[in-house]
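Taking it in order: structure first as structure tokens, then the write-up.
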Amino acid sequence: MPRNVRKAYIVCRRCNTRFTGGYCPYCGAENGAARSVLGRGGLIGGLLRFLFSLVILAIILSIAFIVLDYSASASGDAHGAARAILDSARYAIPASVLDFYASIKAQFLDRWITQIIEFFRVLFS
Ligand SMILES: [Zn+2]
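Numbers given in the numbering used here equal positions in the sequence shown, counted from 1, plus 2.
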């Protein structure tokens, strides 16, 4: 039986045992990688990544909501689909959030959107 000279040895990062295969026979670490839950990129990292993805998702949803809101109000009843999605979204959003959005919209968004529309009007005229 020929001896496999190209067999890859892995040095375990946790206990420095040389081994072959997927798991360290001494401490059970996978491929010599330190798999500690409390380590770097462990529980806290995963939690932060989860919270970060939630924030990104919330930002994407609010942008989609604002775009729908403005496209629905800009074209009246012409965009029936946008209005329908918006109405169903309003039921899912708490009233306090909608009130907050309405005040933000009155204070900042309307001015910004007007400026953006004006910018494109100048650009394409
Ligand atoms: Zn080990």
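Quick reminder that beta carbons are idealized off the backbone N, C-alpha and C, glycines included.
These numbers were taken from a predicted model, which means no experiment stands behind them.
{"Query": "Quick check: does the Cβ of R20 come within less than 7 Å of any heavy atom belonging to ligand 1?", "Result": "no"}
{"Query": "Output the distance between the C-alpha atoms of I119 and I68, rounded to the nearest integer angstrom.", "Result": "14 Å"}
{"Query": "Measure the C-alpha to C-alpha separation of F21 and Y11 and round it to an integer number of angstroms.", "Result": "5 Å"}
{"Query": "Which residues mark the beginning and the end of the alpha helix (DSSP H) in which L111 is found?", "Result": "Where L111 is concerned, there is no enclosing alpha helix (DSSP H), given that its DSSP letter is neither H nor E."}
{"Query": "Do you know offhand how far L63's Cα is from G24's?", "Result": "42 Å"}
{"Query": "Could you please give the first and the last residue of the uninterrupted alpha helix (DSSP H) stretch that includes A83?", "Result": "82 to 94"}
{"Query": "If L88 and L111 are in contact, beta carbons under 8 Å, what's the gap, nearest whole angstrom?", "Result": "Their Cβ separation, rounded to whole angstroms, is 15 Å, which puts L88 and L111 out of contact at 8 Å."}
{"Query": "Count the other CB atoms within 10 Å of the CB of A97; is the residue buried (16 or more) or exposed (fewer)?", "Result": "exposed"}
{"Query": "Would you identify the three-state DSSP class for Y103, choosing helix, strand or coil?", "Result": "helix"}
{"Query": "Output the distance between the C-alpha atoms of L125 and R15, rounded to the nearest integer angstrom.", "Result": "59 Å"}
{"Query": "In angstroms, rounded to a whole number, what distance separates the CA positions of C17 and C29?", "Result": "7 Å"}
{"Query": "Can you give the Cα-Cα distance for S55 and A31, rounded to whole angstroms?", "Result": "29 Å"}
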